[in-house]
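S.K.: Before anything else, here's the structure in question.
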Amino acid sequence: MAVERTLSIVKPDAVAKGATGAILSLIQEAGLEIIALKMIQLTEQQARGFYAVHKERPFYGDLVKFMTSGPVVVSALQGDNAIARYRKLMGATNPAEADDGTIRKAFATDIEKNAVHGSDAPETARIEISYFFNSGEIQAPVEAL
Ligand code: ADP
Ligand code: MG
3 MAVERTLSIV
13 KPDAVAKGAT
23 GAILSLIQEA
33 GLEIIALKMI
43 QLTEQQARGF
53 YAVHKERPFY
63 GDLVKFMTSG
73 PVVVSALQGD
83 NAIARYRKLM
93 GATNPAEADD
103 GTIRKAFATD
113 IEKNAVHGSD
123 APETARIEIS
133 YFFNSGEIQA
143 PVEAL
C-alpha cells in the first residue's frame, strides 16, 4: 500500500468549541502520523484560494466567511493510504449522514460547519499541503514518499 500525505484542517467551529485536542487524538489513534502542524487565522484571500474549486457553488461566499471566522489548525498527515483513511475518519460532509465514531459525527454542527477538512486525492493533497507548509515545516523524510 502506498504511503500518502494528506492535509487536515480543524475548522473554526471545532477550534472554537475546544475540540482541537480531541480531533488530533483521534487522528493519532487512527495511526496517522502528524508531520506538520500550526494554528493560523486564514485571510479572506487564503480561504477563497483554498476553496477556489467551489467558487461557482451557492455556498462559496458563506464558506469563505465561515473559514475566516476564527483560527484553524492545519496539519499534514502521513501514512499508508492516508487520504482515504482520513476521509473515513472524518465522516460524510453532511454530519447528519456521518457514521458513529467519525469526527464529523462527534463534532460537526451542520453541512457547512463540519469540523474538519481532508484532501480528496494525491494531487490535491500535494497542492493543499504546500498551500500551508514549506518543506522546512514538514517533519518527515522525503524518502518516506
Ligand atoms: P468535503 O469537505 O467533505 O470534501 P466538499 O469538498 O464537497 O466536502 O465541500 C467543501 C466544504 O464546503 C464542506 O466541507 C463544507 O464545509 C462546505 N459545503 C459543502 N457542501 C455544502 C452545502 N451544501 N452547503 C453549505 N456548505 C457546504
Ligand atoms: Mg472536498
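Each residue of the sequence shown is one higher than the one before, counting from 3 in our numbering. Backbone N, C-alpha and C fix where the C-beta goes; we use that ideal spot for every residue, glycine too.
(1) Applying the 10 Å Cβ sphere with the 16-neighbour rule, what's the burial state of M41?
(2) Which residue wins for smallest C-alpha separation from L158, given the options S10, V66, M3?
(3) Count the other CB atoms, across all protein chains shown, that sit within 10 Å of the CB of H119; report buried if there are 16 or more and exposed otherwise.
(4) So, are the CB atoms of K107 and F68 less than 8 Å apart?
(5) Beta strand (DSSP E) containing I11: first to last residue?
(6) Tell me the DSSP secondary structure of L44 in three-state form.
M.R.: Reading from the atomic positions:
(1) exposed
(2) The chain is shown only over 3 to 147; residue 158 falls outside these bounds and no answer can be derived.
(3) buried
(4) no
(5) 5-12
(6) coil
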